[in-house]
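J.: Sharing a structure, written as structure tokens. Questions coming.
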Amino acid sequence: MNIEKNYVMEKLPTHPEHYSKAEVGKTLVIAGSEAMFGSAIFASGGAMRSGAGMVYLSTDPSLHVAVQSWVPEVVYTTWDKVEQFIDRYDSVGFGPGMGIGEKTAEKLAFLCDNFKKTLIIDADGLNVISAKEELQLKIKQRVTRGWGTVLTPHFREGQRLKGIDVSDKVKDSRRFGHDVSRRGLAKQLHEKYGATIVMKGAGTIVYNGGDYFVNTTGNVGMATAGSGDVLTGIISSFAAQGLDPVDAAICGVYVHGLAGDRAEEELGIYGMLARDIMDKTAQALKSLRK
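Shown next as structure tokens:
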């Protein structure tokens, strides 16, 4: 079924007037590296722009000043404090721009074993899962325990998660329409991991068994570096504000696409940047509150 405006308007989280920032939702974003510090900015900024009361960021220590200059509202934290205070967060977005080294795998293993609320895994988080059977088992164990888990692959990442060799750059892996291949892969990944699957691309598919939810917002200009990082932040923010994993994903992809449409109206599809999508997220949400 298509994701429609009225459904999203009904599901979006609301903030009663007496709520404080701590009660609106605390999101932890774990993202970025020296080579890809923008990922930390876009994921944490996406979370801030979509309503989380507090957004914490754990990233490479060398990026602290650079990230704070872009998103000063974000609270910087170190990994040792994440381990110590993991229960304080209402959701975690993990993976954008982290690299696929052993530290990424170790951090994800810790979260799988210890974080009991919704965990959204993207980008390099997905890549380390693909490479390590131990992590694949931990993802399934999370779902068995009833801990919310969302995987957000594009088609090639989805193939790797399924165990398909994509080294030959199969032409089919570049298909992004509402096709049987993408729906089939989303179903196979859900059956393998048990998680909510967000199959990114034109007409992003959200699948958790049963209906396929197909997004109806967005445009080709959003095929730009960092766009998916913003989506990770938005879904994480909605999960922190109390939406279950499926509705957080559904509302997240719709609002993300709508923000892209707002950017397209102003800038066109050529030259649209992830920062434009991030900045238009608040306008997209405002348009759904009328």
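Sequence positions in the sequence shown follow this note's numbering and run -18 to 271. Think of the CB as a built atom: it goes at the ideal place given N, C-alpha and C, for glycine as much as any other residue.
Does DSSP classify L239 as helix, strand or coil?
T.: Of the three classes helix, strand and coil, the one that applies to L239 here is helix, per DSSP.
J.: What are the uninterrupted segments assigned as beta strand (DSSP E) that are 3 or more residues long and contained completely in the segment 49 to 134, given in chain order?
T.: Here the runs fully enclosed are 72 to 75, 99 to 102 and 130 to 132.
J.: For the segment 85 to 100 against the segment 24 to 37, do three or more pairs of beta-carbon atoms, one drawn from each stretch, fall closer than 8 Å, so that the two count as touching?
T.: With a cut-off of 8 Å, the segment 24 to 37 and the segment 85 to 100 do not count as touching, because too few Cβ pairs lie within range.
J.: Roughly how many angstroms separate the alpha carbons of E4 and I145, rounded to a whole number?
T.: Each residue's Cα considered, the two are about 43 Å apart.
J.: Since K267 is in the alpha helix (DSSP H), which residue starts that stretch and which ends it?
T.: Per DSSP, K267 belongs to the alpha helix (DSSP H) from A255 to L269.
J.: Count Cβ pairs between the segment 128 to 145 and the segment 100 to 108 that sit closer than 8 Å; are there 3 or more?
T.: Result yes; three or more Cβ-Cβ pairs closer than 8 Å.
J.: Does the contact criterion of 3 or more C-beta pairs under 8 Å hold for the segment 204 to 218 versus the segment 227 to 237?
T.: With the cut-off at 8 Å, the segment 204 to 218 and the segment 227 to 237 touch.
J.: If you compare alpha carbons, which of G182, V56, E138 and A221 is closest to G241?
T.: The shortest C-alpha separation from G241 is found at G182.
J.: Could you check whether the segment 242 to 254 touches the segment 189 to 197, counting it as contact only if at least three pairs of C-beta atoms, one from each stretch, sit closer than 8 Å?
T.: Counting Cβ pairs under 8 Å, fewer than three are found: no touch.
J.: Using DSSP bridges, identify the partner residues of S39.
T.: Its beta-bridge partners are I11.
J.: Within its chain, find whatever has a CB closer than 7 Å to the CB of M259; leave out the 5 residues flanking it on each side and keep chain order.
T.: For M259, where only same-chain residues beyond five positions count, the Cβ hits under 7 Å are F23, G26, G27, R30 and V211.
J.: Could you check where the alpha helix (DSSP H) with T213 kicks off and where it finishes?
T.: It spans S208 to A221 - the alpha helix (DSSP H) in which T213 sits, taken as one unbroken run.
J.: In chain order, what residues of the same chain lie with their CB nearer than 6 Å to the CB of E54, ignoring the 5 residues before and after it?
T.: The answer, listed in chain order, is M29.
J.: Going by other Cβ atoms of all chains shown within 10 Å of its Cβ, with 16 needed for buried, is S111 buried or exposed?
T.: Label assigned to S111: buried.
J.: So, at 7 Å on beta carbons, what are the nonlocal neighbours of A176 in its own chain, with the 5 sequence-adjacent residues on each side left out?
T.: So the qualifying residues of the chain are I120, V124, T130, V131 and L132.
J.: According to DSSP, what are the bridge partners of M180?
T.: The partner list for M180 (beta bridge, DSSP) reads I186.
J.: Rounded to the nearest angstrom, how far is the Cβ of P42 from that of L224, given a contact under 8 Å?
T.: 32 Å between Cβ atoms; not a contact.
J.: Is Y251 helix, strand or coil when you go by DSSP?
T.: Note: Y251 maps to coil in three-state DSSP.
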